[in-house]
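Number of protein chains: 2
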Amino acid sequence: MATIYQVSELAGVSLATVSRVMNNNVRVSEATRNKVLAAMEQLGYRPNSIAQSLASNRSNSIGILVSELHGPFYGEMLTGIEAEFRAAGKHVIIAAGHSERVTEEDGIEFLLSRNCDALILHVEAVSDQFLIELSKQETPFVLLNRQVEALADRCISLDNELGGFLATDYLLSQGHRHIAYIAGPMWKTDARDRFRGHQRALAGYQLAAEDKLFYEGDFRETGGSKGLQALLASGRPFSAVVCANDEMASGALTAARELGYEVPADFSVMGFDNVNFAYYTYPKLSTIDYPISAMGHMAARWVLKQVYKQSSIAVQQVFDPHLIARDSVAEATIT
Amino acid sequence: MATIYQVSELAGVSLATVSRVMNNNVRVSEATRNKVLAAMEQLGYRPNSIAQSLASNRSNSIGILVSELHGPFYGEMLTGIEAEFRAAGKHVIIAAGHSERVTEEDGIEFLLSRNCDALILHVEAVSDQFLIELSKQETPFVLLNRQVEALADRCISLDNELGGFLATDYLLSQGHRHIAYIAGPMWKTDARDRFRGHQRALAGYQLAAEDKLFYEGDFRETGGSKGLQALLASGRPFSAVVCANDEMASGALTAARELGYEVPADFSVMGFDNVNFAYYTYPKLSTIDYPISAMGHMAARWVLKQVYKQSSIAVQQVFDPHLIARDSVAEATIT
DNA sequence: GCTATAAATGAAAGCGCTTACATAATACTA
DNA sequence: TAGTATTATGTAAGCGCTTTCATTTATAGC
Chain A
1 MATIYQVSEL AGVSLATVSR VMNNNVRVSE ATRNKVLAAM EQLGYRPNSI AQSLASNRSN
61 SIGILVSELH GPFYGEMLTG IEAEFRAAGK HVIIAAGHSE RVTEEDGIEF LLSRNCDALI
121 LHVEAVSDQF LIELSKQETP FVLLNRQVEA LADRCISLDN ELGGFLATDY LLSQGHRHIA
181 YIAGPMWKTD ARDRFRGHQR ALAGYQLAAE DKLFYEGDFR ETGGSKGLQA LLASGRPFSA
241 VVCANDEMAS GALTAARELG YEVPADFSVM GFDNVNFAYY TYPKLSTIDY PISAMGHMAA
301 RWVLKQVYKQ SSIAVQQVFD PHLIARDSVA EATIT
Chain B
1 MATIYQVSEL AGVSLATVSR VMNNNVRVSE ATRNKVLAAM EQLGYRPNSI AQSLASNRSN
61 SIGILVSELH GPFYGEMLTG IEAEFRAAGK HVIIAAGHSE RVTEEDGIEF LLSRNCDALI
121 LHVEAVSDQF LIELSKQETP FVLLNRQVEA LADRCISLDN ELGGFLATDY LLSQGHRHIA
181 YIAGPMWKTD ARDRFRGHQR ALAGYQLAAE DKLFYEGDFR ETGGSKGLQA LLASGRPFSA
241 VVCANDEMAS GALTAARELG YEVPADFSVM GFDNVNFAYY TYPKLSTIDY PISAMGHMAA
301 RWVLKQVYKQ SSIAVQQVFD PHLIARDSVA EATIT
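Chain order of the listed sequences is A and B.
Numbering-wise, full-length UniProt numbering puts 148 at position 148 of the first sequence, and it's gapless, one number per residue.
Numbering-wise, full-length UniProt numbering puts 278 at position 278 of the second sequence, and it's gapless, one number per residue.
Listed below in structure tokens is the structure:
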């Protein structure tokens with residue numbers, strides 16, 4: 001592989017000049033620039049990004065920590081992030097945190113040791129305190145899908161409370177008054193926020209959430225099916241069930257069918273997230289759209305702006321969910 | 001950030017010694033090793049991986065090019081790859097090729113310029129010739145899900161022909177004799193291979209594929225729904241349709257429902273890939289399992305073995321698909 | 001105890017760039 | 001046209017490591 005030195009020799013200029021035309025920031029005369037370009041071309045020169053990084057103290061790489069690499073959710077997110085950085089000539093180093101504290105902390109450490117210029121973190125298990133400590137180190141980071149008061153300026157998040165509200169409010173507007181709720185793990189903020197939105201919507205109709213119509217699931221399919229069974233077993237009648245995410249909603253749909261119920265004739269089901277398969281379920285799932293791809297883009301832009309000083313970029317930090325009405329919700333029949 | 005130099009000073013040894021304990025390959029006396037370790041600990045030293053790479057001419061990073069980052073398929077693949085490398089302390093740089101020649105070539109160039117030690121390529125649009133040329137450059141690569149004769153030792157692929165055979169053979173064994181086929185884009189090798197398998201299975205029963213029962217789709221949902229409509233419109237009766245992937249199968253399922261048909265009562269549907277949502281469709285899709293996560297692992301291990309010389313690792317290059325029988329296929333009623 | 005050998009450590013030269021800083025070339029002013 | 005301000009280019013000192021080779025120190029053999 002040709003080095004900058006060979007290029008400089010061929011072009012008959014100094015190392016510095018070659019470097020200058022590469023970074024075309026400083027003025028170089030047209031004549032020499034062309035000579036250098038020609039030499040590069042001729043040698044098939046490709047800059048050594050490692051050497052560039054060492055010398056400039058910039059790795060041009062951004063570390064991404066997501067919970068999982070598979071699953072409908074993270075894929076969308078990564079797509080948004082990669083597209084943005086690729087266009088900017090930066091690259092992305094990816095690690096998975098698996099929603100566990102130790103793995104997440106290790107992942108961050110791993111990314112840090114890779115000299116990333118910045119980190120985009122989608123962490124769930126790590127404590128706020130840990131993140132606050134981390135913010136004191138030199139590597140900047142954005143938090144995706146997490147709200148930490150003290151780090152508000154680096155958070156990009158969805159208004160989960162609003163989403164929760166929208167879901168239940170929609171059901172209420174369709175005449176439902178007995179609404180069951182299958183929550184996510186309540187140690188997760190988003191699970192809690194969504195439930196709060198649910199409560200607020202109920203309150204708007206002078207209603208309150210009932211313990212008997214509440215089940216704490218795990219954000220996974222089985223959580224939804226078990227949840228539905230538990231709800232049904234409680235003996236408390238309901239005409240609709242809102243699930244805190246689409247996986248659980250799908251589980252609920254399957255369980256309903258297996259138990260001989262028909263959705264939405266017997267009861268309605270709402271999901272949350274609008275992941276790709278929500279469209280493949282039967283009936284097609286009514287849900288709340290989570291603009292995760294857009295949020296991924298935005299996280300990348302935050303980095304471009306804050307770290308690479310591309311000041312013209314605008315950054316939006318809080319995103320609003322919105323309702324996607326499909327086939328799993330029907331009007332309540334008179335109770 | 002502390003450097004190796006400060007560590008060496010604190011420990012009262014030379015740079016070289018510190019470097020040696022870091023790479024703990026050369027003999028260092030217990031006493032000095034402990035002194036150095038203590039000094040590192042005390043300074044919170046973390047090696048600068050960029051400098052290491054420059055000096056050692058190893059970036060410890062592997063470039064991955066996939067068609068998309070989202071979608072059920074690639075996520076699984078990436079998970080397998082990441083897990084393997086993370087455990088080995090290597091990291092992964094990811095780019096998306098979007099199934100287009102130019103983007104794929106750009107992506108490879110991008111990864112190459114990042115000084116990756118090796119590449120894992122899941123490319124579709126790039127020519128065999130391009131890959132053969134690429135193989136002459138110094139950066140080694142594996143091909144995932146692609147079979148190039150001249151590069152056979154670097155290919156990790158699924159026996160698609162066998163998969164195609166399995167799908168149709170299963171239908172035949174269930175008594176179906178009029179089997180329609182919705183293919184992928186026939187310029188893709190896997191689409192062609194799957195179809196060949198279909199033909200071979202038919203031949204086993206003295207049958208042949210009929211033009212009227214063939215539709216070339218695009219591997220996407222709409223391809224499946226349009227395909228089913230076209231097939232139905234052809235007027236040629238069939239009791240089963242095999243789709244070259246699950247997305248199209250799902251599209252076919254939806255179209256069938258919308259047109260008033262019931263699956264599998266009116267006709268059976270087979271998918272291919274066994275992506276996550278195949279489980280969420282209604283009826284649950286019978287399909288062919290594509291062990292993509294295992295193949296991702298294997299690609300990573302190929303790199304570990306060939307590039308990082310971890311000779312103890314065993315590598316499997318061709319994987320066999322197998323049948324997943326769920327609910328979308330029923331026995332043929334007497335015709 | 002003295003030499004031959006092996007083991008542990010140090011000195012120093014890069015790896016391929018960036019970037020002050022110094023210098024040379026050119027343009028502008030009066 | 002000398003004097004100054006600009007602009008273009010070159011020189012060389014790192015960036016933080018690895019690694020070869022030389023040197024020192026310990027170990028063993030007789």
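We put the CB at the ideal spot given by N, CA and C, even for glycine.
Bear in mind the structure is a predicted one, so any value in this text is a computation, not a measurement.
Collapsed DSSP secondary structure at residue i in the structure displayed
i      : result
E262/A : coil
S225/B : helix
S234/B : coil
M1/A   : coil
D289/A : strand
V315/A : coil
Y282/B : coil
D320/B : coil
V126/B : coil
V66/A  : strand
A208/B : coil
M248/A : helix
Cutoff 8 Å: residue i Cβ touching any chain A Cβ
i      : result
A191/B : no
V92/B  : yes
I62/B  : no
F53/B  : Here residue 53/B turns out to be Ser, not Phe, going by the sequence shown. Yes, its Cβ sits closer than 8 Å to a Cβ of chain A.
I4/B   : no
R86/B  : yes
Under 8 Å between C-beta atoms of residue i and residue j
i             : j      : result
S49/A         : N60/A  : yes
L285/A        : A240/A : no
P321/B        : L158/B : yes
Q137/A        : A332/A : no
G227/B        : R194/B : no
E221/B        : R196/B : no
T254/B        : D273/B : no
P283/B        : V303/B : no
I62/B         : K35/B  : no
residue 385/B : V329/B : Outside the shown range of chain B (1 to 335) lies residue 385/B, about which nothing can therefore be said.
A118/B        : E82/A  : no
A167/A        : V242/A : yes
Residue environment, residue i, which counts as buried when at least 16 other CB atoms sit within 10 Å
i             : result
Y5/A          : exposed
M298/A        : buried
R46/A         : exposed
R154/A        : buried
I132/A        : exposed
L259/B        : exposed
P237/B        : exposed
R146/B        : buried
V13/B         : buried
S225/A        : buried
residue 337/A : This structure cannot speak to residue 337/A, because chain A is shown only from 1 to 335.
Y53/A         : Contrary to the premise, residue 53/A reads as Ser rather than Tyr in this sequence. Per the 10 Å Cβ criterion, buried.
Option in the options with minimal Cα separation from residue i
i      : options                           : result
A201/B : M1/B, L37/B and D169/B            : D169/B
F130/A : D117/A, S239/A, A230/A and I108/A : I108/A
A51/A  : T3/A, A83/A and H70/A             : T3/A
D211/B : R192/B, A180/B and D190/B         : A180/B
C116/B : S127/B, P140/B and S225/B         : P140/B
E100/B : R192/B, A325/B, S135/B and S67/B  : S67/B
V315/A : M295/A, M22/A and K188/A          : M295/A
F214/B : L232/B, N276/B, T79/B and G204/B  : L232/B
Any chain B beta carbon closer than 8 Å to residue i
i      : result
T333/A : no
H70/A  : yes
S250/A : yes
E105/A : no
L119/A : no
F277/A : yes
G260/A : no
I182/A : no
G75/A  : yes
T79/A  : yes
Any non-hydrogen atom of the ligand PLP closer than 7 Å to residue i Cβ
i      : result
R326/B : As presented, the structure is devoid of all ligands, the ligand PLP included, so that no description of it is given.
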